[in-house]
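Chemist:
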Amino acid sequence: MKILVCISHVPDTTTKIKFKDNKLDEDGVSFIIGPYDDYALARAIEIKTDTNGTVTVLNVGTAVTEPTLRKALAIGADDAIRVDAEPTDALFVAEQITAIAKENGYDMILMGRESSDFNGGLVHGMVGEMLGWPSIAPCMKLDLDGTTATLAREIEGGKETLEVSLPFVAGCQEPIAEWKIPNMRGIMMARKKPLNVVQPVGVDNVTEYKSFELPAEKAGCKLVDADNLDELVSLLKNEAKVL
Amino acid sequence: MSVLVFVESDNGSIKSSSHEAVVYAKELGAGEVTAVAVGSISADELADLGKYGAAKVLHAADEKLNDNVIMATATIIAAAASQTDASIVVMARSSLVDAVAARVAIKTGASVATNVVALPDTSAGFVVKRGVYTGKAFANVSLPGAKKVITIAKNTVAAEPGEGTASVEVFSADFGEKDFATARKDVKKAEGDILLPEADRVVSAGRGLKGPENWGMIEDLAKTLGAATACSKPVSDMEWRPHHEHVGQTGIKISPTLYIAVGISGAIQHLAGVNSSKVIVVVNKDPEAPFFKAADYGVVGDAFDVIPRLNEALKKVL
Ligand SMILES: Cc1cc2nc3c(=O)[nH]c(=O)nc-3n(C[C@H](O)[C@H](O)[C@H](O)COP(=O)(O)OP(=O)(O)OC[C@H]3O[C@@H](n4cnc5c(N)ncnc54)[C@H](O)[C@@H]3O)c2cc1C
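And the structure:
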C-alpha cells in the first residue's frame, strides 16, 4: 500500500492567537503537525505496518516547516516531500498535492479534515475532484480489505459506514487512530530519511487574506449564587433574552 | 446575475440552517435566488422556501441522492449552478456541505470561502469574514473570482419566514459512474434527538460529572430547554458519550444562542469549539475554573446539587 499523507504546520493548540503587521505574531509560538493530520498520519503508519507498505509525508511550506516534517518521519513515515512555497490558499495547496500524486501514483491520500490555522477544510475535496477520485470526510474509521476500504464518516447525530475502492482521498479525524509519539530510535532514524524539496507548480490564487481580527471580548462573567437559581433564570430570560 | 442556494433536509424536513442559507442568499442582493434541494421533501415545504426569499426551487428528488453521496451531491449543485448561471453558491455548513463545497468550487471554477460568519462587505470587491485559528480569530478574505462558493456558520443570519411561494421544478443531472463510487453500508443515528450543529440551545458536560451514569440530569435539563446535549473530549474519549457530541478544537464547532457548560474546566481547546455561542453559562465547583473567564453567567457550585434545581427553576418559566 503506497500512502501519501499531507500535513499542515500549525501553531500549537494552546497558542494565544495575536496578530502583528496583519499576520500571526509568531513570537513565542511553537508549531506542530496539525492535530487532524496527526490522526491521519497515525492511521497511515498502522496501515503501512499491516500491509508492508510505504508512507510519504508532504507539506507545502517554506524551510521553517522542516522540523515538522522530520517529526512525521520520526513517527514512522518513510520519506518526506516539501513543496517549497508559502501555502497561500486551499487551491494552491491542492494543486501542489495533485501534481505530486499524478507524478508518483498513490493508493490513497490521507490528511486531516481541516488545518487548525485556517480551517478551510477544502483540500481533500479539491484534490479528490482534480484527480477524479472519491473524497470522504470527516473520516473517523478506515479499514482495508484488499483494494476495498470501509470507512466511517461522522454525520449529524451519528455516523455512516461507506465502502469504496482504492484509490481515494480521506480527510481524517479522531478516533481513527491514537496519536503516535516519536521515540528516540525514531528520532535518530528520521535524520537519515530522505526529505526532498521540490518546486511548486504555478497557480493563480483565488482568494486573498486582507486582514485579521480577534473576537469581541466578553463583558465579564456575572456570578449568580447557587442558592438563587431563579435569578439566573430571570437573567437569561430578561437580560440575555435567550429563553 | 443570480444566486444558488443548496437546501438539505433531515428526516424529510428542511433544516433550519438551510432556511438561514436562503435568507443569506437573498440578503446578498445579487439577483434572483434559486434553491437546489436534495432528497424526499414535500412539495409544500419546498414552495415555502419562498417565504425565506427563494423564487424558484430545483428539486433533485432522485432516490439515489438520499444517501448524501458526496460526489453526486457536488455534481447536482454544480449542474444547478450552471443551469441558473449563478455567480454565487451559498450553503449552510453541515457534515455533507463541508465535504461537498470544495468539489463544487473546482467543478465551477469558483473562489471559495468556508465557515463564513457574516454578510460580505461589497464596498470594494467582495470580502467575507470567516472563522480561523479554530474559533480564536476571524479573517477578512477577498473572493475575486467571477464565481464564488460560500459556506456559512449556523446563526449567521436569522431565518424568520415572511410571505412568498417558490415555484418548484424537478431537476436532475448527468451523473457519472464515479459519482456513486462510495456505497453506504450502514447508518447509525440517534433518533428523536435534536441535532447538535442545528441546535439553538446546548447543554454540555465534562469530566466533572464523574461517570456516564450521571448524565440523566443533563438530559433532563436539555429536555426542559429543548436543547441538544454535548460533551468535552475526555468524555467522548472514555466513551461516556458518543463521539458526535464532542465539541472543541478536535470536535464539532457550534454557535448556538445558549451554551450551558457543566463540570467542564474550559481548556483553550474546548473553548475553540464553543466560543462563538451567543450566551455562555458555566456551572463549576471550582471558582478558579478558566471557563468563567469566557462565560456570560456563572454559578460556582456542585453540579449534582445545582443542575436538578436549575431544571426545576427553568420549568417554572418555560
Ligand atoms: C490537540 C488537543 C486537542 C484537544 N481538543 C479538544 C476538544 O476538541 N474538546 C475538548 O473538550 N477538549 C479538547 N482537548 C482537551 C482539553 O485540553 C482538556 O483536557 C479537556 O477539555 C478537559 O475536559 P473537561 O473540562 O471535561 O475535564 P477537566 O479539565 O478534568 O475538568 C473537569 C471540571 O469539572 C469540575 N468539576 C468536578 N466536579 C464537579 C462537580 N461535582 N460539580 C461541578 N463541577 C465539577 C472541575 O472543577 C473541572 O473544572 C484537546 C487537547 C489537545 C492537546
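Chains H and A are the protein sequences, given in the same order.
For the first sequence, our numbering assigns the number 1 to the initial residue and increments by one for each residue that follows.
For the second sequence, our numbering assigns the number 1 to the initial residue and increments by one for each residue that follows.
In this text, a Cβ means the ideal position worked out from N, Cα and C, and glycines have one as well.
This one's a predicted model, so the numbers in the text were calculated from it and none came from an experiment.
(1) For glycine 120(H), return the contacting residues in chain A, with the cut-off set at a CB-CB distance below 7 Å.
(2) DSSP three-state call for lysine 51(A): helix, strand or coil?
(3) Less than 9 Å between the beta carbons of alanine 152(H) and leucine 162(H), yes or no?
(4) Take the Cβ of glutamate 239(A) as the centre, count every other Cβ of all protein chains shown within 10 Å, and call the residue buried at 16 or more, exposed below.
(5) Kindly say whether histidine 308(H), judged by its beta-carbon, lies nearer than 9 Å to any beta-carbon of chain A.
(6) Report the option in Glu288(A), Tyr133(A), Lys185(A) whose CA atom is closest to the CA atom of threonine 148(H).
(7) Would you mind telling me which residues of chain H sit closer than 9 Å to threonine 156(A), beta carbon to beta carbon, in chain order?
(8) Given this structure, state the Cα-to-Cα distance separating phenylalanine 291(A) from tyrosine 36(H), to the nearest angstrom.
(9) Would you kindly report the start and end of the unbroken alpha helix (DSSP H) that includes leucine 110(H)?
(10) Return the chain-ordered ranges of every beta strand (DSSP E) run that is complete within the stretch 125–197 of chain H and spans a minimum of 3 residues.
(11) Based on Cα-Cα distance, which residue from Ala55(A), Glu312(A), Glu32(A) lies nearest to glutamate 169(A)?
(12) Mind listing, in chain order, the residues whose beta carbon lies closer than 5 Å to a non-hydrogen atom of ligand 1?
(13) Nearest chain H C-beta to glycine 131(A) closer than 9 Å, yes or no?
(14) So, helix, strand or coil for methionine 91(A), using DSSP?
(15) When the cut-off is 9 Å and only beta carbons count, does valine 203(A) lie next to chain H?
(16) Could you have a look at serine 142(A) and say whether DSSP puts it in helix, strand or coil?
(17) Would you kindly report the start and end of the unbroken beta strand (DSSP E) that includes aspartate 79(H)?
(18) Going by CA-CA distance only, name the one from Thr62(H), Ala63(H), Ala74(H) that's closest to threonine 56(H).
(19) Three-state secondary structure (DSSP) at lysine 2(H)?
(20) For isoleucine 32(H), which three-state DSSP category applies?
(21) Looking only at its chain, what residues have a beta carbon closer than 8 Å to the beta carbon of glutamate 160(H), apart from the 5 residues adjacent to it on each side?
(22) In terms of alpha-carbon separation, which member of Glu45(A), Val22(A), Ala43(A) lies closest to alanine 35(A)?
(23) Mind checking if glutamate 288(A) is an interface residue toward chain H, Cβ cutoff 9 Å exclusive?
(24) Residues of the stretch 203–222 of chain H in Cβ contact with chain A at a cutoff of 7 Å, in chain order, please.
(25) What residues of chain H sit near valine 127(A), judged by a beta carbon separation below 7 Å?
(26) Using only the alpha-carbon positions, how far apart do aspartate 193(A) and arginine 201(A) sit?
(27) Roughly how many whole angstroms lie between the Cα atoms of valine 3(A) and histidine 59(A)?
(28) Please classify arginine 113(H) as buried or exposed, where buried requires at least 16 neighbouring CB atoms within 10 angstroms.
(29) Since arginine 93(A) contacts isoleucine 14(A) with CB under 8 Å, what's their CB separation in whole angstroms?
(30) Please classify asparagine 284(A): does DSSP put it in a helix, a strand, or coil?
(31) Give a yes or no on whether 9 Å exceeds the smallest Cβ distance from arginine 309(A) to chain H.
(32) Taking CB distances under 9 Å as the criterion, tell me whether methionine 217(A) reaches chain H.
(33) Between the Cα of glutamate 8(A) and the Cα atoms of Thr75(A), Ser95(A), Lys285(A), Val235(A), which residue gives the shortest distance?
(34) Let me know the secondary structure DSSP gives proline 308(A) once reduced to three states.
(35) Of all the CB atoms in chain H, is at least one closer than 9 Å to the CB of lysine 178(A)?
(36) Rounded to whole angstroms, what's the CA-CA distance from valine 247(A) to glycine 135(A)? Just pull it up for me.
Modeler: Looking at the coordinates:
(1) Stepping through the first sequence from its first residue, residue 120(H) is reached at position 120. Per Cβ cutoff of 7 Å: Thr114.
(2) Taking the second sequence and counting its residues from 1, one reaches residue 51(A) at position 51. Helix.
(3) As a working note, residue 152(H) is residue 152 in the first sequence. As a working note, residue 162(H) is residue 162 in the first sequence. Against a cut-off of 9 Å, the Cβ pair of leucine 162(H) and alanine 152(H) comes out as a contact.
(4) Residue 239(A) sits at position 239 when you count from the first residue of the second sequence. Exposed: under 16 other Cβ atoms inside 10 Å.
(5) Any answer about residue 308(H) is impossible in this case: the structure gives chain H only from 1 up to 243.
(6) By one-based count along the first sequence, residue 148(H) stands at place 148. For the residues Glu288(A), Tyr133(A), Lys185(A), the minimum Cα distance to threonine 148(H) belongs to Lys185(A).
(7) Locating residue 156(A) in the second sequence gives position 156, counting from the first residue. The contacting residues do not exist; threonine 156(A) stays about 15 Å from chain H at best.
(8) The residue you call residue 291(A) lines up with position 291 of the second sequence. The residue you call residue 36(H) lines up with position 36 of the first sequence. Roughly 24 Å separates the two Cα atoms.
(9) Locating residue 110(H) in the first sequence gives position 110, where the first residue counts as 1. Per DSSP, leucine 110(H) belongs to no alpha helix (DSSP H); it is in the beta strand (DSSP E), 108–112.
(10) 135–145, 148–155, 158–165, 168–172
(11) By one-based count along the second sequence, residue 169(A) stands at place 169. Checking every option, the nearest Cα to that of glutamate 169(A) belongs to Ala55(A).
(12) Thr13(H), Pro35(H), Gly206(A), Arg207(A), Gly208(A), Ser232(A), Lys233(A), Pro234(A), Gly248(A), Gln249(A), Thr250(A), Gly251(A), Gly263(A), Ile264(A), Ser265(A), Ala267(A), Gln269(A), His270(A), Asn284(A), Lys285(A), Asp286(A), Ala289(A), Asp302(A), Ala303(A)
(13) For the purposes of this step, residue 131(A) is taken as the residue at position 131 of the second sequence. Closer than 9 Å to some Cβ of chain H, the Cβ of glycine 131(A) qualifies, so yes.
(14) The count along the second sequence starts at 1 and reaches residue 91(A) at position 91. In this structure, methionine 91(A) counts as strand in the three-state DSSP scheme.
(15) Position 203 of the second sequence, counted from the start, is the residue given in the question as residue 203(A). Any Cβ of chain H closer than 9 Å to the Cβ of valine 203(A) would place that residue at the interface, and such an atom is absent.
(16) By one-based count along the second sequence, residue 142(A) stands at place 142. Serine 142(A): strand per DSSP, three-state reduction.
(17) Position 79 of the first sequence holds residue 79(H). It spans 79–84 - the beta strand (DSSP E) in which aspartate 79(H) sits, taken as one unbroken run.
(18) Here the question's residue 56(H) lines up with position 56 in the first sequence. Selected option, being the one with the closest Cα: Ala74(H).
(19) Here the question's residue 2(H) lines up with position 2 in the first sequence. Three-state DSSP puts lysine 2(H) in a strand.
(20) The count along the first sequence starts at 1 and reaches residue 32(H) at position 32. Correct three-state label for isoleucine 32(H): strand.
(21) Sequence index remark: in the first sequence, residue 160(H) carries index 160 (1-based). Around glutamate 160(H): Ala152, Arg153.
(22) Here residue 35(A) corresponds to residue number 35 of the second sequence, with the count starting at 1. The residue with the shortest Cα to Cα distance from alanine 35(A) is Val22(A).
(23) Taking the second sequence and counting its residues from 1, the one referred to as residue 288(A) is at position 288. No, glutamate 288(A) lies away from the interface with chain H (no Cβ there is under 9 Å from its Cβ).
(24) Val206, Thr207, Glu208, Tyr209, Lys210, Ser211, Phe212, Glu213, Leu214, Pro215, Lys218, Cys221, Lys222
(25) Counted from its first residue, the second sequence places residue 127(A) at position 127. Those are Lys210, listed as they occur along chain H.
(26) Taking the second sequence and counting its residues from 1, the one referred to as residue 193(A) is at position 193. Taking the second sequence and counting its residues from 1, the one referred to as residue 201(A) is at position 201. Aspartate 193(A) and arginine 201(A) have their C-alpha atoms spaced approximately 13 Å apart.
(27) Translated into the one-based positions of the second sequence, residue 3(A) becomes position 3. Translated into the one-based positions of the second sequence, residue 59(A) becomes position 59. Answer to the nearest angstrom: the Cα atoms are 16 Å apart.
(28) One-based indexing of the first sequence puts residue 113(H) at position 113. Result: buried.
(29) For this step, residue 93(A) is matched to residue 93 along the second sequence. For this step, residue 14(A) is matched to residue 14 along the second sequence. Beta-carbon to beta-carbon, arginine 93(A) and isoleucine 14(A) are separated by about 15 Å, too far to satisfy the 8 Å threshold.
(30) Numbered from 1 along the second sequence, position 284 holds the residue referred to as residue 284(A). Here asparagine 284(A) sits in strand by DSSP.
(31) Along the second sequence, read from residue 1 onward, the residue named residue 309(A) stands at position 309. Closer than 9 Å to some Cβ of chain H, the Cβ of arginine 309(A) qualifies, so yes.
(32) Numbered from its first residue, the second sequence carries residue 217(A) at position 217. Not an interface residue.
(33) Within the second sequence, numbered from 1, the residue matching residue 8(A) stands at position 8. Checked all of Thr75(A), Ser95(A), Lys285(A), Val235(A); the closest Cα to glutamate 8(A) is Ser95(A).
(34) Along the second sequence, read from residue 1 onward, the residue named residue 308(A) stands at position 308. Proline 308(A): helix per DSSP, three-state reduction.
(35) As a position in the second sequence, residue 178(A) is number 178, starting the count at 1. Chain H, which has a Cβ nearer than 9 Å to the Cβ of lysine 178(A), makes this yes.
(36) One-based indexing of the second sequence puts residue 247(A) at position 247. One-based indexing of the second sequence puts residue 135(A) at position 135. Rounded to the nearest angstrom, the two C-alpha atoms are 12 Å apart.
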